[in-house]
Amino acid sequence: MQSFFGNNRRESPKPVKAQIRGEIPKWLQGTLIRNGPGMHKIGDTVYNHWFDGMALLHSFTFKDGEIFYRSKYLRSDTYRSNMEANRIVVSEFGTMAYPDPCKNIFAKAFSYLSHTIPDFTDNCLINIIRCGEDLYASTETNYIRKIDLETLETNEKVDYRKYVALNLATSHPHYDTNGNTYNMGTSIGDKGKTKYQIIKIPQSKPGNSELGLATPGVLVICSIPSRSLLRPSYFHSFGMTENYIVFIEQPFKLDILKLATAYFRGVNWASCLGWYPNDKTYIHLIDRETKKILSTKYYTDALVVYHHVNAYEEDGHVIFDIVAYNDNSLYDMFYLKILKLDDAAFEKQGKTFSSPSCRRFVIPLQHDKNVELGTNIVTLENTTASALKEKDGYVYCKPEILFEGIELPRINYDYNGKKYRYIYASKVQWRPVPTKIIKCDILTKTCYEWREDHCWPAEPVFVRAPEAKEEDDGVLLSSIVSSDPKTSSFLLVLDAKTFKELGRASVTADIHLDLHGLFIPEK
Ligand SMILES: CC1=C(/C=C/C(C)=C/C=C/C(C)=C/C=O)C(C)(C)CCC1
Ligand SMILES: [Fe+2]
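Below is the structure:
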């Protein structure tokens, strides 16, 4: 496990033909493009955290029964500056960079003061997002980088701030069936206010290089005032049903004053995230039509969620599923000094971290105003999730635990915002790194697992079969990194219904453990 994480991966900018074993479905035409950290050491300087590494894009292209692999480092401004200096000169999530130490002290003093709300990095390493025909590499700052699907080359640098007041934006947008993209972010201290913004990016006409320039361009659907001006909640994703946006304002907060002073306090951005276990977690439902926030104050106990799984409406309830933790320790687990521990030490350390559970919340949209305080106002059948009516318009919600130990959840996205049955995810046991791929059947509560020795699977991506009738008619794609020097890494293709292996495509290239990605079908 040790060597695994911290070493730099070589890019393979030219297509590498994969060695195929088994039967890859002929209908599978298109490109799986994914993103993740690939370079953790620059010159003599090393990043502290796995989420700091230079973004390495990679892709598997399925064409007429053949599969080609390629990978290329994102040529972000950060990448270029670091390469030019042959050391880390731009700060990331877990690593604060300082100007050349031998620079005179005035330059240093000046550079300290110029880092109030810092100009964040454009090392977009987390995901790939679609705006109409255009693809962007994304992180959680205000920058995204347009990329070329085929060559993985880096194009325009786009700053959300040019279109909308956003200092941070998630890497987990949603898409509607008309090709519009929805995302959420945080506007810090604009006009003295801190608020969460839900934006809609209409699909840009092909060739428009700027983000969603199609008229009317980026739209703010709704602004949600942060409960705290200087400590807005951190959030990594959100939910969307046919009629509602689900936003969870959790007690895992970004301290703006700490953020603004981190630079000359010599600490990293990660240390500006704070966990407040005695605070509540507020659940906001925003009506997509009226753009209004529902007035009922739904809340639950303190939790930390990174990934929403899905959300839908049924019989006057909004049901949403999330992968949640009982504290904020996950991000601490990804410091490279932890990930490089040998297995025994890692296992001891790993057990101190809270593990994920997939939790279902059921939120009644209406309820009889006269019911007794303390009444459970969930009227939906066969769920143990509850919502207790309290005074002053508060409703205390408790989830049903669907599954334990799953992360990086994906679904058949045709069912996003709709009642669904299957979750495809990575299974993690006391270590954040996925060791198995799993299919969870919400109806029967049964799971199927795939694992193999020395194999480290990525988040499984579902691709629907052409004449799909059922939700799980399709395949699952996962790039599997092999830690056995005698075995090449490979792309695994599973039948999503039977969870049986259909085939695998071995690649003699340096495949890295990545974070998230997308399958783009051949047009
Ligand atoms: C640089 C930077 C940030 C980066 C956050 C990152 C890079 C988060 C990555 C999260 C992942 C990969 C989660 C996986 O599930 C913040 C904290 C938003 C704000 C300050 C500047
Ligand atoms: Fe994520």
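With positions in the sequence shown counted from 1, the corresponding number in this note's numbering is that position plus 18. Just so you know, even glycine gets a beta-carbon here, dropped at the ideal spot from N, CA and C.
Pairing CB atoms from the region 525-533 with CB atoms from the region 27-40, are three or more of them under 8 angstroms?
-> yes
Terminal residues of the alpha helix (DSSP H) in which R283 lies | Position 265 of the sequence shown holds residue 283. Its alpha helix (DSSP H) spans residues 274-283.
Is the beta carbon of E267 within less than 7 angstroms of some heavy atom of ligand 1?
-> Taking the sequence shown and counting its residues from 1, the one referred to as residue 267 is at position 249. No, Cβ of E267 sits at least 7 angstroms from all heavy atoms of ligand 1.
Have a look at L50, K369, S347, L184 and flag the residue whose alpha-carbon is nearest the alpha-carbon of V13.
-> Since the first and last residues shown for the chain are 19 and 541, residue 13 lies out of range.
Give the DSSP-derived three-state secondary structure of T233 in the structure shown.
-> Sequence index remark: in the sequence shown, residue 233 carries index 215 (1-based). Unreliable positioning characterises T233 in this predicted model, as indicated by a pLDDT of 48, which lies under 50. A coordinate reading is not provided.
Taking only the alpha-carbon atoms, compute the straight-line gap between I60 and Y161 and give it to the nearest angstrom.
-> Within the sequence shown, the letter at position 42 stands for residue 60. Within the sequence shown, the letter at position 143 stands for residue 161. So the two alpha carbons sit approximately 22 angstroms from each other.
For Q447, count neighbouring Cβ atoms within 10 angstroms of its own Cβ and tell me buried if that reaches 16, exposed if not.
-> Translated into positions along the sequence shown, residue 447 becomes position 429. Looking at its Cβ environment, which holds fewer than 16 other Cβ atoms inside 10 Å, Q447 is exposed.
Name all residues in chain order for which at least one heavy atom of ligand 1 lies closer than 6 angstroms to the residue's CB.
-> F69, E110, F111, F138, T139, I144, T157, E158, T159, L186, H254, W287, Y324, L533
Span of the beta strand (DSSP E) around A155 = As a working mapping, residue 155 is identified with position 137 in the sequence shown. A155: member of the beta strand (DSSP E) spanning 152-156, first to last residue.
Beta-carbon proximity of L426 to I85, cut-off 8 angstroms | Counting from one through the sequence shown, the residue named residue 426 turns up at place 408. Counting from one through the sequence shown, the residue named residue 85 turns up at place 67. No, Cβ-Cβ distance for L426 and I85 is not below 8 angstroms.
Between T259 and A329, is the Cβ-Cβ spacing less than 8 angstroms?
-> Position 241 of the sequence shown holds residue 259. Position 311 of the sequence shown holds residue 329. Yes.
Per DSSP, F270 is paired with what?
-> Along the sequence shown, read from residue 1 onward, the residue named residue 270 stands at position 252. DSSP lists W293 as partners of F270.
Relative to ligand 3, is the shortest distance from any of its heavy atoms to the C-beta of H302 smaller than 7 angstroms?
-> As presented, the structure is devoid of ligand 3, carrying ligand 1 and ligand 2 as its sole ligands.
Could you have a look at N66 and say whether DSSP puts it in helix, strand or coil?
-> By one-based count along the sequence shown, residue 66 stands at place 48. Reduced to three states, the DSSP call for N66 is coil.
Three-state class that DSSP yields for G61 in the structure shown | Along the sequence shown, one-based indexing puts residue 61 at 43. Looking at G61 - three-state DSSP - the assignment turns out to be coil, as it is neither helix nor strand.
Sequence-distant residues of the same chain with beta carbon closer than 8 angstroms to K309, five excluded per side | Residue 309 sits at position 291 when you count from the first residue of the sequence shown. So the qualifying residues of the chain are I239, C240.
What did DSSP end up calling R93 once you bin it into helix, strand or coil?
-> On the sequence shown, position 75 is the one that residue 93 refers to. In the structure shown, R93 sits in coil (DSSP, three-state: anything other than H, G, I, E or B).
Residue burial classification, V499 (beta-carbon count within 10 angstroms, cutoff 16) | By one-based count along the sequence shown, residue 499 stands at place 481. When all chains shown are included, V499 counts as buried.
Smallest Cα separation from S558: which of N388, L153, S373, D386?
-> Limits of the chain in this structure are 19 at one end and 541 at the other, which puts residue 558 out of reach.
For H254, which beta-bridge partners are listed by DSSP?
-> By 1-based counting over the sequence shown, the position of residue 254 is 236. The partner list for H254 (beta bridge, DSSP) is empty, contrary to what the question assumes.
Over the uninterrupted beta strand (DSSP E) stretch that includes K355, give me the two end residues.
-> Walking along the sequence shown from the start, residue 355 turns up at place 337. No beta strand (DSSP E) contains K355, which is instead part of the alpha helix (DSSP H) from 354-357.
Count the other CB atoms, across all protein chains shown, that sit within 10 Å of the CB of V493; report buried if there are 16 or more and exposed otherwise.
-> The residue given as residue 493 occupies position 475 in the sequence shown. Result: buried.
If you count every other CB in all the chains shown that lies within 10 Å of the CB of H472, and 16 or more means buried, which is it?
-> Start at 1 with the first residue of the sequence shown, and residue 472 comes out as number 454. H472 comes out exposed.
State the CB to CB distance for the pair L354 and F23, rounded to an integer number of angstroms; the pair is presumed to be in contact (CB under 8 angstroms).
-> Here residue 354 is taken as the residue at index 336 of the sequence shown, counted from 1. Here residue 23 is taken as the residue at index 5 of the sequence shown, counted from 1. At roughly 6 angstroms, the Cβ-Cβ gap stays under 8 angstroms, so L354 and F23 are in contact.
Does the distance from the C-beta atom of C415 to that of I381 stay below 8 angstroms?
-> For the purposes of this step, residue 415 is identified with residue 397 of the sequence shown, where counting begins at 1. For the purposes of this step, residue 381 is identified with residue 363 of the sequence shown, where counting begins at 1. Closer than 8 angstroms, so yes.
N544 in three-state terms, based on DSSP | The structure shown does not extend to residue 544, since the chain spans only 19 to 541, so no value can be given for it.
Check: S375 C-beta below 7 angstroms from any heavy atom of ligand 2 = Position 357 of the sequence shown, counting from 1, holds the residue named residue 375. Checking every heavy atom of ligand 2 against the Cβ of S375, none is found closer than 7 angstroms.
How big is the Cα-Cα spacing for D62 and S244?
-> To locate residue 62, count along the sequence shown from 1; it is residue 44. To locate residue 244, count along the sequence shown from 1; it is residue 226. So the two alpha carbons sit approximately 41 angstroms from each other.
May I ask you to verify whether the region 419-437 touches the region 337-347, counting CB pairs closer than 8 angstroms and requiring at least 3?
-> yes
Are the beta-carbon atoms of S507 and P475 separated by less than 8 angstroms?
-> In the sequence shown, residue 507 corresponds to position 489, counting from 1. In the sequence shown, residue 475 corresponds to position 457, counting from 1. No, Cβ-Cβ distance for S507 and P475 is not below 8 angstroms.
Start and end of the beta strand (DSSP E) containing M114?
-> For the purposes of this step, residue 114 is taken as residue 96 along the sequence shown, with counting starting at 1. Note, M114: premise wrong, no beta strand (DSSP E); not H, not E.
Which residues bound the beta strand (DSSP E) around L348?
-> On the sequence shown, residue 348 is found 330 positions in, with the first residue counted as 1. From DSSP, L348 is part of no beta strand (DSSP E) but of the alpha helix (DSSP H) over 347-351.
With respect to 7 angstroms, is the separation between the Cβ of H67 and the closest non-hydrogen atom of ligand 2 below this value?
-> Along the sequence shown, read from residue 1 onward, the residue named residue 67 stands at position 49. No, Cβ of H67 sits at least 7 angstroms from all heavy atoms of ligand 2.
Buried or exposed (CB count within 10 angstroms, at least 16 for buried), T113 = Here residue 113 refers to the residue found at position 95 when the sequence shown is read from its first residue. Buried, since its Cβ has 16 or more Cβ neighbours within 10 Å.
For D305, which option in G257, D273, V322 has the closest C-alpha, if you only look at C-alpha atoms?
-> Taking the sequence shown and counting its residues from 1, the one referred to as residue 305 is at position 287. Minimum Cα distance to D305 is reached at G257.
Can we count H190 as close to ligand 2, meaning its CB is less than 7 angstroms from some heavy atom?
-> Counting from 1 along the sequence shown, the entry for residue 190 is found at position 172. Yes.
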